[in-house]
Each structure stands twice: as C-alpha cells, then as structure tokens.
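One structure below.
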Amino acid sequence: MLKPSASFADSLRAEVRREFFAALAADRGFVESSGQMLFERDSVAPHWQTFFEAALHAHHGLRSGFDSSDREDSVASFRARLADLHASMLRRIADNGVTYNLYSDATGQARPWALDLFPMIVPENEWQTIERGVLQRVRLLNDILADVYGAQTLVKRGLLPSAIVQGHPAFRPAAHGAKPIGGTHLHIAGFDLARGPDGRWWIISQRTDAPSGLGYLLENRMIVSRLFPDAFRSLQVERVLNAYKALMGSLAAHANRASPHIVLLTPGPYSQTYFEHVYLARYLGLTLAEGSDLVVRNERVWLKTIKGLETVDAIIRRLDDDFMDPLELRADSALGVPGLMQAYRAGNVVLANGPGSAWLESSAVLAFLPKISDALYGEAMALPSIGTWWCGEQSAMDEVLPSLNNMVVKPTFSDKGRRFVPMAGHELNERELAQWRKRMTAAPEQFVAQDYLPLAKTPTFNAQPDGTLSARAAMIRVYALSDGVGRWCVLPGGLARIAPEGKEIVSMYRGGSSADVWAITGRAREDRAPLSNTLTPIATSRSGIGVTSRAAENLFWLGRYTERLDNTTRLARITLEALTTDDEALIGTEEWLSRLAVENGLVSKEVPSMRKSAALFERSLLASLDDRESKLGGHSVAAVLSALRTTAFAVRERLALEQWTLVSQSEQELHAALANKSVSVQSALRALERLTVHVMAMNGAQADRMTRDDGWRMLSIGRQIERLGTLSHALAEAFATGAVDTDTGFGLVLGFFDSTITYRSRYLQRRDAPSLIELLVLDRDNPRSLAWISQTLRSRLAKLVGTPMGETPELLRERTLPHQWSQATFDRPLADLARGDSELLIDCLKSVIDEVSGLSDVLSQRYFSHAQSSTSVGTTF
Amino acid sequence: MRLAITHETLYQYSLDVEQAHHIAMLTPLALPKQLVHSHSIDISPQPAARSESVDALGQTRTYFEIASPHREFRVTARSEVTTAALPTSWIGKLDRVALPVSEPWHEVAAAMRYRADQAFDEASLYTQASPLAAIDDVFANYARDLASDGASVFRLASTLCERIHHEFQYSTTSTDVNTLPQHALSLKRGVCQDFAQVAIACLRSLGLAAKYVSGYLLTQPLPGQPRLIGADASHAWLSVYSPSHGWLEFDPTNNCLAGEDHVVIAYGRDYSDVPPLRGVIRGGGAHQLSVAVTVHPV
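Quick look at the structure:
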C-alpha cells in the first residue's frame, strides 16, 4: 500500500510514519471512524501519504533525526506548522474579501468564506469514474431538455411523468419550441456527489439552472494550492484553468464570433454569492451586468454603456431563470431584462444556461434517468444516482412506505425558501414515521424518497481549539462545462462541502465549510505549478467594451467618496489639533472651523460652535468619527468610509484587489481604534493619521493601477468635482469668517489645501490674500489649486465621448470654472478686500460650488439614468 | 356563424414611456370548428421591431418593441371567423343539455395518473397545477359532493359549472387578472377568468384534465335594442377532457357549452399562459387602460 518517496522513506520507517499520522489524528477518534478517506484498510491511503509527506518535507524541522523517540515533539511542531498555514489562509480570505452573503445583506454582514486547510483528494481511479459518469449525464440531461421543450417524446413514451416536467413550477412553457444555438441548453451543470463507506461515488443532486461555486472553487484553489505547493506538485493534481478556458471558447463557438462579448448577469450585491460573480467576471474577463444594464432592441441583447449600446453575444446567467424576463416570466422581477426570452427564442443570444432547466434539479428526476439512458443510448448510467423513488408512482410508493426508516424524504418541487427540512428516517421514532407516511399518502407526487447514505469522511484541520485533525462528512460538487457544440468537459476539481463536526448534513447555508478538491486525473501536465496569485483575466472579450452606466455611476461616487474621505480626515485632524493648541491662537479661526465641521459632516449642525463650548464641540466631533450609520446627525469619517465601501463593493470587478483590501483594512482599523467610548484626542489623531496613509494608498492605487478608460475617467471626474466643491467652500468661508486674517487661520487654510510647504517655499513668511489666491486658486501647477482641479476636470470630460443616448454632451457649456479665470478676474475682488469688503471675492468662490453641483446633476441625468425601473402592464377583462 | 371581431386596447400614460416591450396573443386559432378568414393587428405608435412566432400549441404570439417615447399606445386586432354550431341538443342552459357520453370521472382520473410504461394521454399535461390554477384540497372539497362514483366526467364538469354560475356573483371590481382561484372561491365573486380558473382548479384537484380558453363572446342585445359597439369583452371559459369523447368546452359564466357564439383565441393552462396583451414599460407614470371589443355577425 505504501509508496513513499525514496528519500523520505529512508529517514522514516513505515511503522513510525504510520504512528505519526495516527498520533496526529488519534485524539479525535480519527482512526476508529469508518468510511473515511485518509485510510485504506489500516494504512494511510497513498495520496494522503504523499500529501503529508510533501507537507512534512516543506517543514524542514522534521527532516533530520526523526524517529519514534521524538515523535511527540515532531507531531507538536508539525501541528504548529499547520496552524501557521491556517492563519495565513485566514488572512488571505480576509484580505481578498472572500464572502458568502448568508442573509443576502449587502450592508456588510457578509460572512467570511469558510475553507478548510486541507484539500479533499480524489485519487485517479475514482476521478476517472466520476468524469466518465458526469460526461454521460450532462449529455443525457441536455438531450432531455431538448426533448421536453421539443417533441416531448419522453413524456409521451412514459419515460418521464408529466407531473415532474409540466407539473413542475420551474417548467417554462415560454421556452417550448425554442432551439438554443448549437442545441446546447446546459453550458454549466453542477453535480453533488457523495462517497459511501464502501468507497463508491453517487450522484445526490443536480444543479442545472444557474449553478454556483465556480468562483469559490477558483479562489479555494488559489489559496490552498499555494499553501501546499510541494504536495500539489507531487500529487500531479490537474489544473483547473483549462476548463474555464474551454467554457469561454465554447461560448464563443456557440455565438459564432471570434471575440464575442460575454456578460455575466448577476442579481446584484444582495445576492448570496455576489462575491463569486465579481470574482468570475474579473477572472474570465467578462462584463458584470445587472438586468438594468441590458436592453433588448430588435430581438438582440445590448449592453448600456456610457458610450452607447454594445451588442451582447452570450450571457452567463447567475440570475434564476424565473427572474430573467419580466415580460414572459415573473412579471414582478426587477432584476431581469424585458424581451430576453424573445431574443433567446430568435437565436440571437447564447444563454448559459438556457431558461427552463431548473426542473431537472428535482430529486424526482434521478429516479427516471436509468431508463431514459437505456432508451436513448442503450447505456447504463456510468455513475449512478443514489437510490431514488418518486412517490407519485404507486409502485414506488409501495416500496418506500415500509422502509421509510432507512430513507431520506425530500420535496419533489423547488424549495427556494428552504422550508422543507429533509426527513431522515433513521432519526425518527415509529410515531413520527407514521405521521410522515400519512403526509406522503395525502400528496404522493410532492415527495421523493432516497436511500440514506452515511457520508464518507475526509481529514480536516481544526485550528480551534488545538490544531488536531478530525474526520468530517463531506460531499463534492463537480462541474460539467460546455466545450464546443455538442461537447462537454468535466472541470478537474470541484468544490467540497464539509459538515460541521459530528454532523451529517452538508450545506454552506447551514454552516459547514468548503474545501478545495484535488483531482488526480492521470493527465500529467508539464506545468503543475500552483495557480498564480495574480489574476490574469482569460482574455476572451473584445477590448474596448464601454463602461456600463451602473458601473460609471458607482465609479463616479467612488471617486467622490475617496476624495471626501481624504478631506474629512484632514479636516478632522486639523480641527482636533487646533483644539489642543492654546485658546488665544485659535481666536478668529473658531468660526471657520465650526462651519467647515458642520458643512463636512464632522458634527451635526445642532452642536454648539467651538467658540460657545470647545469641550462639547470636541466631544461631539470625537463621538461622530466612528458613527458609521450617521446616528449622531453628522456624516463623519466612518460614515464616509462606509459609503465608500458600498460603492467600491458594487464595482469590485474593476478594482485591483489591493484597493479593496485597503478599504476593508481601513474600516477595521478605524473601528478598532475608535470603538472605545471615551477615546482621547491623541489616540483619535493617531487613528486619523493612519487612515490618511491608507487614503493616500487608495489614491495611489486609483492613479497607478487602473487603466485609463472611461471608468477611470468617471472616478477621476467624481474626485475633481468633490475636491473643487469642498475647497471652494472652505476658501470662501475662510474669507467670510475672517480666518485668513489671523496667522493661525492662514496656516490652517494652507493646511487644508495641503499646500503649506509650497506656499512657504514660494512666499516665505508673507501672508496676504493675493498670494493665497494665486497659489490656491489660479496656479496651474499646484494640484490642489482650483484652476488645476477644474482644468483636469475639463480634460477628463473632453475625453468622454458619447452618452448612453448617443449624443455628445457639452457638459461645460455656459459654465464658468476656475481654469477660465485669470489674475484680472481678481483685480476688483482683491481691491475690495483690501478696503475690507470681501463680498465680491466670496461670491466668486461660491459660484464654483453652484457650477459644480449643476455639473454633477447633469452627469447623473446623462449617464446614470439606468436606474429607472420597469413596470409590467397587462390587460384586464 | 360568420363573425367580425374588433378588439381595441388603449393605454394612456401620464408621462412618456421611453421604451416598451409587448407580447400580444390576439390571433384566433384555426380549428376544425373555427375557420379564420382574415386577421390583422395594427399597433400605434409604429413598433421598432415586430415578429410573429408560433408557440408549442400552434398559437400565434406577436412580439413587438416600441423604442420611441410615447404617451398613448393602441393595439387594434381585427379578425373574421366562421364558427361551427353545436348540435341542437347541446344548446341551452347546462341542466337542459344532453351531454355527450363520457367515462366515470374516477376512471378518467386514474387513467391520467402516471404509471411507468403505461400508454400516455397528452391531455394529462392539463392535470398539472399551473400558476393560476393550483391543485388544492379547497377545490377538491368544493366539488366533492358532485363527484359521486358513477358521475361521468362531463356530468361532473357540468354540475360544477352550474354551481359556480349560481353561487358566484359576477363582479368586475372584486378581482384582477392575477387573482388566485383560491381567493375567487372564498369571495364567490369574480369575472369569467375567475369562474373558469376555479372550475379548472376543482377538476385538476380531482385528477382530471382541464384547460383554459381565451376568446370572445357574441353578446345578444336585448330584444329591440341595437348592438352596442365596444360593449362586448374578451371572454374566458374552460375545456374538459374525456378519453372517449375528447375535449368539450364549458362556459360557467353563461351556464352553457361554448358554441358558435364563442370565438377561440388560445388555449392555455390558465390565464397566465395566454393574456391577450402584456408588456413591460420604462417610464410612463400612471396609466389608464381601456379595452373595447365588438363582435358582430356578418
């Protein structure tokens, strides 16, 4: 049984090795439990042996002098090593923001993705059976769909009961007669498999509508293969990437376009699995679109971009099919695209998957597949389904009722609300079983019974409490992907789902974890390095696809919020520092600081000004800093950060990973530093300083890491608009309140404009209004002068060509912005000011605020009008 | 009887509709009992795209898109058909009609149930629950006492329709097109759609096959009164299946069998399969709908 690598075998006698593994596992009753995958008979399965030996190799401390005498130490040291790896895995998950929205809550309550340290390894002989069986099955299911939406011979021949086809709520009469391009209904199919105690694999359920998991699978592989690179190489695990490439190529072949435009249709950030929609879109180079980003014109699907409409050739649909078209399916769906069914029927768009395939997910279908396979191909099922009986058939019901105690009962029809808890007969007493029999007899069609299969277990690592191994029940989801017209491939790998310890039910929803599935396929590849950490999108889409209106809007606001965070943080620092200086120096600037604090949301406008009560003002300002939900009436640092996070989340697919990580880390750090109710000014300042560093990094990432496309332009426009408005206001108020007339105030204004050093080097100790206007308003070289900002804004706007409606906007027509000003503009205002009249100067500066807010409104109307909702209308009698 | 039908639907919106997608099912079916001489659908404003396709049951659906802003939208369907008369003994109120012979209902229900390798009857597709005609005990119970063992399937359907006709109040304000038959049954009120869907749900809940018929009805003016233009309406009834006889159409609203006054547009599992006109619009604000149907002999 044992096939250890030669060098290692020399240093480790077989018996010691076995003891070593036993010691790793024994305290969890690991060795005794049956039906697990680590051991074969009483020795370690060869693939697990290879895995642990490679992991041990990597752990150099164990290589020399390893014998039974220091076994205990070695085990402890190895466990410590595993704990390190586990900690690094958790960091990756947190940094990448891998989440699962348990309660479909986009406001941030998403749960970190649960992943086990160890992969689940499927050895070659088992994988070959799985692959053969899944290929046969996906072809069969596709043929069944072609039949029920076509000639319906299967129902007519009695091979399928119409009750589970036409009687299933997910059967779509609107798809009847539709012929999908290439005859392919199923481009992506998921199969849940379980391994019995005897080592045989069984199909437990089929996912045919819009299967989830392909993104999580990829992320799992990225993380786990990098933690165990040697084991990954030694085991000759096949890479998964080619299967994704095959799918992209297949969609292109179906669309009959060399470089088709493929979009991933998502329900949006409220979806449970939004993370992986974003992840997949980015990885596969697809446009992430919500229903409102798409429109059907001339029976074709188009993407609404800020440059106009662009054709869509194929859609990977992650929206349940009943929501995809309010015209013909659920009329109350706000997530769909009216006319999409018609475009599909007309053969103008490839849908992965086609509508109307969800009824195949009914467990009842499994009972009929062997006969259908026999009738259509004369073949038995290569990979059997778990024994399944549809109770709507009297003869099946007669078999089920007496042996209910060995069965699991599930609903025949969709159970999206998960209200139906599957019945496990062996857990019930006679009285409960009798109740079930009664319930089933009353509506037999609604029930499916399946053999009870105790799930095989796989080794898992328990970071808590003590770094031991244990065996847990597991299932794997395996995917068939289309690979050209009439062909499929099986993704070599999968998504394992592991039950909580001691439980038999495997569900991410009910609190299990996932694991990477390592398939040993025997197709040794040259390149078996672990997946690289860098995302290199599979380039399939045409380049130059425009930015969707939705993405443009979010990017615009991301730009605004990033800038607002920068300004709010700086203002908070300036204000807190001012509050700690002696009172005398503050005279003359208090009013300015108070007004800015209110205008920028640092305190609510109900708070008495700094001059009235510095202490109260300070307390309010400190309390508001961490007020994420704006409960105190302001909109301070944490609230801005939270708004920034929401917009960043909505365009995650366009952001470098680091940007996202920066946002989530900033939030965690800020909250950790400020959560204390009686936070001191000093510690608040420290937290704000750290935040400033993060904001600079965010700005850096936005400036350096993003392609200069229309999306980036929108972000930049948002930033310039925000900056122009905030700085104009601050400067106008500085003159209005007379803050500039004091040394302290003059310095604070320069500080808020981040221009202190430039000013000093240019004007030395001089403090006068003309110099201030020159540097902060007119200077074309100072990136924080109003003229520089509006000049930048102008050039960004000039490069935005077209609008969703096809016209070229003249957004700046009839607007006067600081880049059009000159020295002469300020001759009179400054002369007035010298006589003590600041009105003209203030009006001039405040005019910018109006122009900017007008511009922001026009942009919203022109570019972001996608949000308008659709209404269904019908006739009455 | 040769009949000319004009079916005009008018939507008026308070704001511009910027974009609209519609599907109409307004084309009468060609059937052995119904000859279609002519048919046209006029749409205003001019659709940017329009296409006709035939669904699985041979029924025509007209899809169209309007891409230009509009405040008013009008669809006018004009058809001329010849309908076949019923045998004389089938004409009249249901309690007077000599129904064609059919099997006992429970034998039909048993034949409709799935058994592996048993010969399949296509009508059994219509024994399945559908969005607006579910299978539910409340329906089975409502019809239970009519379903004595010996009752033939058509006798059962006939007495059920009579019961609905007598117990339900015809009311245009109690229900709308999305009202579930469970609700209509508890109200004992509704329009022809509700009457038909309650009857269908009752029959399906007993294991029988029944389908929904969307169409028109020639309404007879009161003696001495002129025919009022636009006073007629879209109509709905149901069709019930017996393996030996085939389908037979009952009209519970008028307590009769559907005859030469009934023009069939489409068959479906319930209203949701065959609404005459549906649409999804962007913009539009509040809307007002008026429908005018005129059916007259030519």
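Chains as they are written, first to last, in the working numbering: chain U, 4 to 880; chain Y, 41 to 338.
Every residue, glycine too, gets a C-beta built ideally from N, C-alpha and C.
message: Going by DSSP, what residue range makes up the alpha helix (DSSP H) through residue 478 of chain U?
response: Taking the first residue of the first sequence as 1, we reach residue 478 of chain U at position 475. It is not in any alpha helix (DSSP H) - residue 478 of chain U instead sits in the beta strand (DSSP E) that spans 471-485.
message: Judging by CA-CA distance, which residue of Y/145, Y/127, Y/146, Y/144 is the nearest neighbour of residue 138 of chain Y?
response: In the second sequence, the residue the question calls residue 138 of chain Y occupies position 98. Minimum Cα distance to residue 138 of chain Y is reached at Y/127.
query: Thinking C-beta only, is residue 196 of chain U closer than 8 Å to residue 481 of chain U?
result: Residue 481 of chain U sits at position 478 when you count from the first residue of the first sequence. Residue 196 of chain U sits at position 193 when you count from the first residue of the first sequence. Against a cut-off of 8 Å, the Cβ pair of residue 196 of chain U and residue 481 of chain U comes out as a contact.
task: Could you tell me whether the Cβ atoms of residue 292 of chain Y and residue 217 of chain Y are closer together than 8 Å?
output: Working through the second sequence from its first residue, we reach residue 292 of chain Y at position 252. Working through the second sequence from its first residue, we reach residue 217 of chain Y at position 177. Against a cut-off of 8 Å, the Cβ pair of residue 217 of chain Y and residue 292 of chain Y comes out as no contact.
task: Kindly indicate which three-state DSSP category residue 328 of chain Y falls into: helix, strand or coil?
output: For this step, residue 328 of chain Y is matched to residue 288 along the second sequence. If DSSP states are grouped into helix, strand and coil, residue 328 of chain Y belongs with the strands.
- prompt: Going along chain Y in order, which residues have a C-beta closer than 9 Å to the C-beta of residue 396 of chain U?
  reply: The residue you call residue 396 of chain U lines up with position 393 of the first sequence. Within chain Y, the C-beta atoms nearer than 9 Å to that of residue 396 of chain U come from 153, 154, 155, 156, in chain order.
- request: At 9 Å on the CB atoms, spell out the chain U contacts of residue 160 of chain Y, in chain order.
  value: Taking the first residue of the second sequence as position 1, residue 160 of chain Y is located at position 120. Those within 9 Å of residue 160 of chain Y in chain U are 158, 159, 160, 161, 165.
query: Does the distance from the CB of residue 677 of chain U to the CB of residue 628 of chain U come in under 8 Å?
result: Here the question's residue 677 of chain U lines up with position 674 in the first sequence. Here the question's residue 628 of chain U lines up with position 625 in the first sequence. Result yes, Cβ atoms of residue 677 of chain U and residue 628 of chain U sit closer than 8 Å.
- prompt: Relative to the C-alpha of residue 365 of chain U, which residue among U/268, U/856, U/410, U/453 is closest?
  reply: Mapped onto the first sequence, residue 365 of chain U falls at position 362. Taking only the C-alpha atoms, the option nearest residue 365 of chain U is U/453.
field: Option in Y/256, Y/333, Y/237, Y/109 with minimal Cα separation from residue 313 of chain Y
entry: For this step, residue 313 of chain Y is matched to residue 273 along the second sequence. Closest by alpha carbon: Y/237.
message: Which residues in chain Y have a C-beta closer than 7 Å to the C-beta of residue 359 of chain U? List them in chain order.
response: If you number the first sequence from 1, residue 359 of chain U lands on position 356. The contacting residues do not exist; residue 359 of chain U stays about 12 Å from chain Y at best.
- request: Give the residues from the segment 162-195 of chain U that approach chain Y closer than 7 Å (Cβ to any Cβ), ordered along the chain.
  value: 164, 165, 166, 169, 170, 176, 179, 180
- prompt: How many angstroms separate the CA atom of residue 561 of chain U from the CA atom of residue 49 of chain U?
  reply: On the first sequence, position 558 is the one that residue 561 of chain U refers to. On the first sequence, position 46 is the one that residue 49 of chain U refers to. Cα to Cα, residue 561 of chain U sits roughly 52 Å from residue 49 of chain U.
message: Looking only at its chain, what residues have a beta carbon closer than 8 Å to the beta carbon of residue 611 of chain U, apart from the 5 residues adjacent to it on each side?
response: Here residue 611 of chain U refers to the residue found at position 608 when the first sequence is read from its first residue. So the qualifying residues of the chain are 619, 620.
field: chain U contact residues for residue 91 of chain Y, given Cβ-Cβ distances below 8 Å
entry: By one-based count along the second sequence, residue 91 of chain Y stands at place 51. Counting only Cβ-Cβ distances below 8 Å, residue 91 of chain Y has contacts in chain U at 302, 345, 349, in chain order.
task: Please classify residue 458 of chain U: is it buried, with 16 or more other beta-carbons within 10 angstroms of its beta-carbon, or exposed?
output: By 1-based counting over the first sequence, the position of residue 458 of chain U is 455. The residue is buried, with at least 16 neighbouring Cβ atoms inside 10 Å.
- prompt: Would residue 717 of chain U pass as a contact of residue 550 of chain U if the rule is Cβ separation under 8 Å?
  reply: The sequence position of residue 717 of chain U within the first sequence is 714, counting from 1. The sequence position of residue 550 of chain U within the first sequence is 547, counting from 1. In terms of Cβ geometry, residue 717 of chain U and residue 550 of chain U form a close pair [threshold 8 Å].
query: Hey, is residue 373 of chain U's beta-carbon within less than 8 Å of any beta-carbon in chain Y?
result: Against the first sequence, residue 373 of chain U aligns to sequence position 370. No, because no Cβ of chain Y sits closer than 8 Å to the Cβ of residue 373 of chain U.
- prompt: Are residue 281 of chain U and residue 297 of chain U touching if we call contact CB-CB under 8 Å?
  reply: For the purposes of this step, residue 281 of chain U is identified with residue 278 of the first sequence, where counting begins at 1. For the purposes of this step, residue 297 of chain U is identified with residue 294 of the first sequence, where counting begins at 1. Note that the C-beta distance between residue 281 of chain U and residue 297 of chain U is not below 8 Å.
query: Can you check whether the CB of residue 600 of chain U is closer than 8 Å to the CB of residue 579 of chain U?
result: In the first sequence, residue 579 of chain U corresponds to position 576, counting from 1. In the first sequence, residue 600 of chain U corresponds to position 597, counting from 1. Taking 8 Å as the cut-off, the Cβ atoms of residue 579 of chain U and residue 600 of chain U do not count as close.
- prompt: Can you list, in chain order, the residues of its chain whose CB lies under 6 Å from that of residue 196 of chain Y, leaving out five sequence neighbours each side?
  reply: Here residue 196 of chain Y corresponds to residue number 156 of the second sequence, with the count starting at 1. The residues are 145, 186, 187.
query: In chain order, what residues of the same chain have a beta carbon less than 7 Å from the beta carbon of residue 898 of chain U, not counting five sequence neighbours either side?
result: Beyond the ends of chain U as shown, which are 4 and 880, falls residue 898 of chain U; an answer cannot be given.
message: Check whether chain Y comes within 8 Å of residue 863 of chain U, counting only Cβ atoms and requiring the distance to be less than that.
response: Here residue 863 of chain U refers to the residue found at position 860 of the first sequence. Not one chain Y Cβ lies under 8 Å of residue 863 of chain U.
message: Just checking: is the beta-carbon of residue 189 of chain Y within a distance shorter than 8 Å of some beta-carbon in chain U?
response: Walking along the second sequence from the start, residue 189 of chain Y turns up at place 149. No, because no Cβ of chain U sits closer than 8 Å to the Cβ of residue 189 of chain Y.
First through last residue of the alpha helix (DSSP H) which encompasses residue 124 of chain U: Indexing the first sequence from 1 puts residue 124 of chain U at position 121. That residue, residue 124 of chain U, is in no alpha helix (DSSP H); its beta strand (DSSP E) goes 123-125.
message: For a contact defined as C-beta to C-beta under 7 Å, what are the partners of residue 51 of chain Y on chain U?
response: Position 11 of the second sequence, counting from 1, holds the residue named residue 51 of chain Y. The contacting residues are 876.
- prompt: Where does residue 284 of chain Y land, buried or exposed, given buried means 16+ other C-beta within 10 angstroms?
  reply: Numbered from its first residue, the second sequence carries residue 284 of chain Y at position 244. With fewer than 16 other Cβ atoms within 10 Å, it is exposed.
- prompt: residue 301 of chain Y touches chain U at which residues, Cβ-Cβ below 9 Å?
  reply: As a position in the second sequence, residue 301 of chain Y is number 261, starting the count at 1. Within 9 Å Cβ-Cβ: nothing; residue 301 of chain Y doesn't reach chain U, min ~17 Å.
- prompt: What residues of chain U sit near residue 164 of chain Y, judged by a beta carbon separation below 7 Å?
  reply: On the second sequence, position 124 is the one that residue 164 of chain Y refers to. Within 7 Å Cβ-Cβ: 165.
message: According to DSSP, residue 252 of chain Y sits in a beta bridge with which residue or residues?
response: As a position in the second sequence, residue 252 of chain Y is number 212, starting the count at 1. Looking at the DSSP output, residue 252 of chain Y shares a beta bridge with Y/278, Y/308.
field: Alpha-carbon to alpha-carbon, residue 339 of chain U and residue 330 of chain U
entry: Numbered from its first residue, the first sequence carries residue 330 of chain U at position 327. Numbered from its first residue, the first sequence carries residue 339 of chain U at position 336. About 9 Å.
- prompt: When the Cβ atoms of the segment 486-504 of chain U are set against those of the segment 124-142 of chain U, are three or more pairs found closer than 8 Å?
  reply: yes
Test: residue 106 of chain U CB closer than 8 Å to a CB of chain Y: Position 103 of the first sequence, counting from 1, holds the residue named residue 106 of chain U. Here residue 106 of chain U scores only 46 on pLDDT, less than 50, and its place in the model is too uncertain to base an answer on.
query: Which parts of the segment 321-393 of chain U are runs of the alpha helix (DSSP H), unbroken and 4 residues or longer, counting only runs that do not cross its ends?
result: Restricting attention to alpha helix (DSSP H) runs no shorter than 4 residues, the segment 321-393 of chain U encloses them at 343-348, 366-369, 372-380, ordered along the chain.
- prompt: In angstroms, rounded to a whole number, what distance separates the CA positions of residue 721 of chain U and residue 559 of chain U?
  reply: Translated into positions along the first sequence, residue 721 of chain U becomes position 718. Translated into positions along the first sequence, residue 559 of chain U becomes position 556. So the two alpha carbons sit approximately 5 Å from each other.
field: Own chain, CB closer than 7 Å to residue 391 of chain U, minus 5 neighbours either side, in chain order
entry: Here the question's residue 391 of chain U lines up with position 388 in the first sequence. Correct list, in chain order: 366, 369, 370, 451, 453.
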